[in-house]
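Visitor:
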Amino acid sequence: MQDETILEITDLNICFEMREGTVNAVNGVNFSVKPGEVLGIVGESGSGKSLSARSIMNLLPRNATVTNGSVKFRKSDGEVVDILAEKRESRKMRELRGGHVGMIFQEPMTALSPVHSIGKQIMTTLSLHTDLSKKAQVERAADLLAMVQMPKPMEMLKKYPHQLSGGMRQRAMIAMALSCNPSLLLADEPTTALDVTTEAQILDLIMSLQDELNMAVIFITHNFGVVAEIADRVSVMYLGNAVETAAVDDIFYNPKHPYTRALLQSIPRLDGQKRRRLQTIEGMVPDPFNLPTGCVFHTRCAEKMAGKCTSQIPELTYFENDQMARCHLHQA
Amino acid sequence: MAGYIAHRLLWSIPTLIVITIATFVIIQLPPGDYVTAYIAELVETGEVIDAETAAHIRHEFGLDRPMYEQFLTWIGGILLHGDFGLSLDWKLPVSELIWDRIGLTLLISMLSLLMTWAIAIPIGVYSATRQYSFLDHLFTVLGFLGRGIPDFLLALVLMWMGFLYFNFHVGGLFSPAYENAPWSFAKFGDLLSHLWVPVLVLSTGGAAGLLRIMRANMLEELGKPYVETAYAQGLSERQVVWRYPVRVALNPFISTVGWALPALISGDVITAVVLNLPTTGPLLLRSLQNQDMYLAGGFILILSVFTIIGTLLSDILLVLTDPRIRHS
Amino acid sequence: MSEQTLSDTAVEPAVEVKENSSYTAKPLTLMWWRFKKHKLALWSLGVIILLYLVAAFAGFLAPYDPFKHNRLHPFVPPQSIHLFSEDGTFQGPFVYGLKRQRDPETARLSFEEDTSKINRIRFFVEGDKYKFWGLVPTKLRLFGVEGRRNRIYILGTDKLGRDLFSRLVYGARVTLSVGLIGVFFSFVIGITLGSLAGLIGGTIDTVIQRMAELVRSIPTIPLWLGLAAALPVNWDPILVYLLITVILALIGWTNLARVVRGHFMTIRNQDFVLAARLSGASKTRIVTRHMLPSMTSYVIAAISLAIPEMILGETALSFLGLGLRPPVISWGVLLQDAQNLRSIALAPWLLIPGVAIVVTILAFNFLGDGLRDAADPYQK
Ligand SMILES: Nc1ncnc2c1ncn2[C@@H]1O[C@H](COP(=O)(O)OP(=O)(O)OP(=O)(O)O)[C@@H](O)[C@H]1O
Ligand code: SF4
Ligand SMILES: [Mg+2]
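Chains as they are written, first to last, in our numbering: chain A, 1 to 332; chain B, 1001 to 1328; chain C, 2001 to 2380.
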């Protein structure tokens, strides 16, 4: 694991054995995150974004099997944890979750427990990872709510999720995830369920908190506009592959992978309208039970080279400035 | 919330009135009256009663007065003096006959309810968290069996097995030695040693049903995003399961207490007949057969009142435990 | 359930019949399609069909008249069917003859196999007279044994020497049909009240809801007992039978009504109903043509779960002596003979009708579960 990274995912492969066959949901994901860096992950629905994020928490669905690869995380004290080598329930993993890595989810309504108050839920995290007294926990919880700019934090503590609006719930969610000063925040489409104004507010909040607390963030989204706005680096996923990873400028101005290019062409220029959902590219996303041989994108690729692309899986090609792509075009 | 409880309380008043009237109508329904049944019984043993004596008995019990008068006297007595009238059959005040038995019925029903939960909750949680494991399948099969065997049949089979394999007489609530003894620790112990049979019989059916519900609810809850959040907070599996989903999955339990109680009381009535328990069952049956109407009416009325109270309590409990309802 | 089809039917009566049938068939076909995957439910359906066939052909299947006493054969234990005699020679299916013994102390009769007498089983034999489906007088029975004075009791006999197997088969007619008829009554009450509540809403809804709540908050057995006790002992058994089913239905309708009402509430504002309404269809028309068919699958599922309740109710009442009474034969009536320990200890086979009850109830429960899952895969 490189010295300056906080998280490194190498060659991750995840599959599901189903009655209908094997689903190769993630096959060959590589990326790393530096402290204080924001990594955006974009990709169509079903491309394996959430699974990659859950593997960092070691919280994959129970029917999932990791067939290859490793996920390594460096704690703030320097210790490196080989996450997938740990048992799901191990003490180390439980310390990591909520303590060193925080996570926020897409559905703020259903992601919070309906039967516990906001305060209670934040204090649960606190009591697991700190030895604050009850009173100190209450104070800290109120501080956190103030930090995520919720009005009247003391009163908010007693509220239940169903009494709050979507935006407020997502703020509470963020407060909960940040309660123990994690060095990495995983945000799995945290703004998809919100309206545009609220989305902007939540994005601003996450960015300002990221700045303030200097934590690394992995931000998953469908939305290239959001990525352009907040990410330092971007990883583009297609059918379980991280097909290209690069600094945000390189992705937009110097994309190497045909899929990235196609994606960029299908949205209006950046300086125009920024927020647009990903447009679909010609052709259908292949059935996950029967992945294409060779390059997974060859069924829809405009630059496909007959023979090579349909039979050989392309290796990762590295470019300058840490850009990497999986495409035969760049292999000598 | 206070408004809601008051509302529920108010609603139970018309329910009570209707039940009272219904009870009285039901016990009046059979053609003829107690005296006819009494005479028929005497005729079977060879005795004959002349019309004059019959009229005399009728008059004595007020059976010759109009129906509504009988009803008002009856209900007036209950409301004003807690007097449920006279058992025509036993020639004793109804209240002397029923309270002991109703107490035992309630005791058995409550214990069965607790037993139902004690069986259903842990097994339901286990089955949901270890879905498709060997034990999950086993419990599923047992659950189906429990649901398919009627209470009285299970009681019969237990009775037979007890006799066949242990030469143990299942039935009754007391050993002969304690039957008429005053209450003591020894008698209480004796009661407990007999109690498990009816409690087991009554709880299996309910437990089997609740088990399925609990398992389904748990599976549904475990699939919800908030469970993942809880894991992401750093909670262990045990903490996650018992702190969150179980609480949510329990809501339907609480809301069904109200319905579980009538079922248990019903079950007790019929099981008691089989197992010959000194609870309401056998006496109610006999009073219905003899048209001992005040006794039967007293039973039906009190049992119904208890179920209404049970329903009320479960509604209130539900409001107290589920914040989503509490605040709406 | 496309909106297109629906609004079309409402506007153009000419194509109505055809369109409508494809529309009602569709959810049912879908349901059957999902149901078929449920192996257990499918098997249960088979068992249930078999049970009803047994009931339908009771006279043919039963070797003897179920009412006929035989003073010589009280409490005969079930006889086992053999293929080979003592010396190992193949005989075809047969039972041994009965050897009567009297216990010198208790003076109680007991029976043993008399291995010297072999009574071969014969099929399609002439037996006691009966009327096939109450119409055609015949003597044809599925099986019996050779010899006019020999008997075969595969499930034993009761205290009057009546063949339990024949009684069980005849009892199926009553018990299984009580389920159907009772469900029919509660179905009528439930659908009517449920759709009234769900459609009109307001006060009517409240009143019906309260009524259902009231009925459900009364402990059923005491209520059943009370109502059943009101039936005079000397009434015609058929009448008693009908009234018992009505009593069961009077208490059992609430669940069906709840299902119907709930469904009405949810679909009242769904697109296809609105579409029909907007295109000017009358209210009754909307209900009978569009709303009721759309919930057939739910109702079927609810019904199959209600039948075992009815059967249980009949059995329990008859068992207690307040429901059907001898000479009517139902499984509950048969179980009455097994009411106390003494009879069970003496003749455990008297509990066999209980096995029949459990099998029936389980089969209906599995079937109901399967149907419910098939009706709505997203419901738990
Ligand atoms: N529990 C599971 N069982 C079987 N297959 C699964 C399971 N979870 C995920 N998958 C498969 O993995 C694929 C990737 O899922 P993932 O949730 O990572 O997609 P995603 O990129 O997050 O999509 P979205 O944008 O819709 O959230 C899915 O297409 C699905 O086929
Ligand atoms: S490898 Fe071939 S098919 Fe795949 S993206 Fe590159 S050019 Fe297209
Ligand atoms: Mg996702």
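Each residue gets a CB set at the ideal place from its N, CA and C atoms; glycine is no exception. Computed from a predicted model, the values in this text were never measured in an experiment.
For alanine 1002 of chain B and arginine 1008 of chain B, I'd like the C-alpha separation in whole angstroms.
Guide: Within the second sequence, numbered from 1, the residue matching residue 1002 of chain B stands at position 2. Within the second sequence, numbered from 1, the residue matching residue 1008 of chain B stands at position 8. Their Cα atoms are separated by approximately 10 Å.
Visitor: Quick one: which unbroken beta strand (DSSP E) runs of 3-plus residues sit fully inside the region 2131-2185 of chain C? Chain order, please.
Guide: Complete beta strand (DSSP E) runs here, min 3: 2136-2145.
Visitor: For a quick check, are the C-beta atoms of tyrosine 2170 of chain C and isoleucine 2048 of chain C less than 7 Å apart?
Guide: Position 170 of the third sequence, counted from the start, is the residue given in the question as residue 2170 of chain C. Position 48 of the third sequence, counted from the start, is the residue given in the question as residue 2048 of chain C. Contact: no.
Visitor: Quick check on the DSSP output: the beta strand (DSSP E) that includes asparagine 1217 of chain B runs from which residue to which?
Guide: As a position in the second sequence, residue 1217 of chain B is number 217, starting the count at 1. Note, asparagine 1217 of chain B: premise wrong, no beta strand (DSSP E); alpha helix (DSSP H) at 1185-1222.
Visitor: Mind checking lysine 2129 of chain C: buried by the 16 CB within 10 Å criterion, or exposed?
Guide: By 1-based counting over the third sequence, the position of residue 2129 of chain C is 129. Result: exposed.
Visitor: In the DSSP assignment, find the beta strand (DSSP E) that holds tyrosine 318 of chain A and state where it starts and stops.
Guide: For the purposes of this step, residue 318 of chain A is taken as residue 318 along the first sequence, with counting starting at 1. Where tyrosine 318 of chain A is concerned, the enclosing beta strand (DSSP E) stretches over 316-318.
Visitor: In terms of alpha-carbon separation, which member of A:Arg233, A:Met103, A:Lys135, A:Val243 lies closest to proline 190 of chain A?
Guide: As a working note, residue 190 of chain A is residue 190 in the first sequence. Ranking the options by Cα distance to proline 190 of chain A, first place goes to A:Met103.
Visitor: What residues are listed by DSSP as bridge partners for arginine 2122 of chain C?
Guide: By one-based count along the third sequence, residue 2122 of chain C stands at place 122. In DSSP, arginine 2122 of chain C forms a bridge with C:Gly2144.
Visitor: Can you find the residues in the same chain that come closer than 6 Å, C-beta to C-beta, to glycine 99 of chain A, ignoring five residues on each side of it along the sequence?
Guide: Indexing the first sequence from 1 puts residue 99 of chain A at position 99. Once the five neighbours on either side are set aside, the close Cβ partners of glycine 99 of chain A are His129, Cys180.
Visitor: Determine which residues share a DSSP beta bridge with glycine 2226 of chain C and list them.
Guide: Position 226 of the third sequence, counted from the first residue, corresponds to residue 2226 of chain C. Answer is none; glycine 2226 of chain C lacks a bridge partner.
Visitor: Are the C-beta atoms of tryptophan 1160 of chain B and some chain C residue less than 7 Å apart?
Guide: Reading the second sequence from its first residue, position 160 is the one you call residue 1160 of chain B. Yes, its Cβ sits closer than 7 Å to a Cβ of chain C.
Visitor: With 16 other CB atoms within 10 Å as the buried threshold, where does glutamine 2101 of chain C fall?
Guide: Numbered from its first residue, the third sequence carries residue 2101 of chain C at position 101. Exposed is the call here.
Visitor: With three or more C-beta pairs closer than 8 Å as the rule, is the region 1302-1321 of chain B touching the region 1010-1023 of chain B?
Guide: With the cut-off at 8 Å, the region 1010-1023 of chain B and the region 1302-1321 of chain B touch.
Visitor: Just to confirm, does lysine 1224 of chain B get its C-beta within under 6 Å of one of the non-hydrogen atoms of ligand 5?
Guide: Questions concerning ligand 5 fall outside what the structure shown contains, since the ligands it does hold are ligand 1, ligand 2 and ligand 3.
Visitor: Taking C-beta to C-beta, are leucine 2334 of chain C and arginine 2149 of chain C nearer than 7 Å?
Guide: Here residue 2334 of chain C is taken as the residue at index 334 of the third sequence, counted from 1. Here residue 2149 of chain C is taken as the residue at index 149 of the third sequence, counted from 1. Taking 7 Å as the Cβ cut-off, leucine 2334 of chain C and arginine 2149 of chain C do not qualify as a contacting pair.
Visitor: Within 6 Å: the Cβ of phenylalanine 16 of chain A and any heavy atom of ligand 1?
Guide: Mapped onto the first sequence, residue 16 of chain A falls at position 16. Indeed, a heavy atom of ligand 1 lies less than 6 Å from the Cβ.
Visitor: Taking valine 2095 of chain C and valine 2174 of chain C to be in contact with their CB atoms under 8 Å, please state how far apart those CB atoms are, rounded to whole angstroms.
Guide: Your numbering for residue 2095 of chain C matches position 95 in the third sequence. Your numbering for residue 2174 of chain C matches position 174 in the third sequence. Contact flag wrong, Cβ pair sits at about 28 Å.
Visitor: According to DSSP, proline 1093 of chain B sits in a beta bridge with which residue or residues?
Guide: Here the question's residue 1093 of chain B lines up with position 93 in the second sequence. Beta-bridge pairing links proline 1093 of chain B to B:Leu1086.
Visitor: Please tell me whether methionine 2310 of chain C and valine 2188 of chain C are closer than 7 Å, where the distance is taken between their beta carbons.
Guide: Position 310 of the third sequence, counted from the first residue, corresponds to residue 2310 of chain C. Position 188 of the third sequence, counted from the first residue, corresponds to residue 2188 of chain C. It is not a contact, given that the beta carbons lie outside the stated cut-off.
Visitor: What does serine 76 of chain A reach in chain B if we use C-beta pairs closer than 7 Å?
Guide: Along the first sequence, one-based indexing puts residue 76 of chain A at 76. Chain B residues near serine 76 of chain A: none, gap ~16 Å exceeds 7 Å.
Visitor: Determine whether the Cβ of threonine 1229 of chain B lies closer than 7 Å to any Cβ atom of chain A.
Guide: As a working mapping, residue 1229 of chain B is identified with position 229 in the second sequence. Yes, contact with chain A.
Visitor: Would the beta-carbon of alanine 25 of chain A be found less than 6 Å away from any heavy atom of ligand 1?
Guide: Against the first sequence, residue 25 of chain A aligns to sequence position 25. Answer for alanine 25 of chain A: yes, Cβ within range of ligand 1.
Visitor: Would a check of beta-carbon distances place glycine 1046 of chain B closer than 7 Å to chain C?
Guide: For the purposes of this step, residue 1046 of chain B is taken as the residue at position 46 of the second sequence. So, not an interface residue.
Visitor: Hey, cysteine 309 of chain A and histidine 330 of chain A: beta-carbon distance below 7 Å or not?
Guide: Start at 1 with the first residue of the first sequence, and residue 309 of chain A comes out as number 309. Start at 1 with the first residue of the first sequence, and residue 330 of chain A comes out as number 330. No, these two residues do not count as a Cβ contact at 7 Å.
Visitor: Within the same chain, show all residues whose beta-carbon is closer than 6 Å to that of lysine 274 of chain A, passing over the 5 residues directly before and after it, in chain order.
Guide: By 1-based counting over the first sequence, the position of residue 274 of chain A is 274. Because lysine 274 of chain A carries a pLDDT of 49, less than 50, the predicted location of this residue cannot be relied on, and the following value inherits that uncertainty. Here the set comprises Gly225.
Visitor: So, does the CB of threonine 1015 of chain B fall closer than 7 Å to a CB anywhere in chain C?
Guide: One-based indexing of the second sequence puts residue 1015 of chain B at position 15. With 7 Å as the cut-off, threonine 1015 of chain B counts as an interface residue toward chain C.
Visitor: For the region 1116-1138 of chain B, enumerate the residues whose C-beta is nearer than 8 Å to any C-beta of chain C, in chain order.
Guide: Residues passing the 8 Å Cβ filter: none.
Visitor: Can you tell me whether cysteine 295 of chain A sits near ligand 2, meaning its C-beta is under 6 Å from at least one heavy atom of the ligand?
Guide: As a first step, residue 295 of chain A must be located in the first sequence, where it is residue number 295. Checking every heavy atom of ligand 2 against the Cβ of cysteine 295 of chain A, one is found closer than 6 Å.
Visitor: Measuring only the C-alpha atoms, how far is leucine 1964 of chain C from glycine 2262 of chain C?
Guide: Lying outside 2001 to 2380, the shown extent of chain C, residue 1964 of chain C is not represented and no answer is given.
Visitor: Residues in the same chain with beta-carbon distance under 6 Å from glycine 69 of chain A, minus the five sequence neighbours each way, listed in chain order, please.
Guide: On the first sequence, position 69 is the one that residue 69 of chain A refers to. Thr10, Asp11, Leu12, Asn13, listed in sequence order.
Visitor: Give me the Cα-Cα distance between glutamate 17 of chain A and asparagine 290 of chain A, rounded to the nearest whole angstrom.
Guide: Translated into positions along the first sequence, residue 17 of chain A becomes position 17. Translated into positions along the first sequence, residue 290 of chain A becomes position 290. Straight-line Cα distance between these residues: approximately 13 Å.
Visitor: Given threonine 2254 of chain C, which residues of its chain have a CB within under 6 Å of its CB, disregarding the five upstream and five downstream residues?
Guide: As a working mapping, residue 2254 of chain C is identified with position 254 in the third sequence. So the list reads Ala2212, Val2215, Arg2216, once near-sequence residues are dropped.
Visitor: How about the region 173-188 of chain A and the region 111-126 of chain A: do they share at least three Cβ pairs that are nearer than 8 Å?
Guide: Yes, the region 173-188 of chain A touches the region 111-126 of chain A.
Visitor: According to DSSP, simplified to helix, strand and coil, what is valine 1043 of chain B?
Guide: Counting from one through the second sequence, the residue named residue 1043 of chain B turns up at place 43. In the structure shown, valine 1043 of chain B sits in a helix (DSSP, three-state: H, G or I).
Visitor: What does leucine 12 of chain A pair with, by DSSP beta-bridge criteria?
Guide: As a working note, residue 12 of chain A is residue 12 in the first sequence. The partner list for leucine 12 of chain A (beta bridge, DSSP) reads A:Val29.
Visitor: Taking DSSP's pairing of strands, which residues face phenylalanine 105 of chain A in a bridge?
Guide: Stepping through the first sequence from its first residue, residue 105 of chain A is reached at position 105. Paired residue(s): none; phenylalanine 105 of chain A is not in a bridge.
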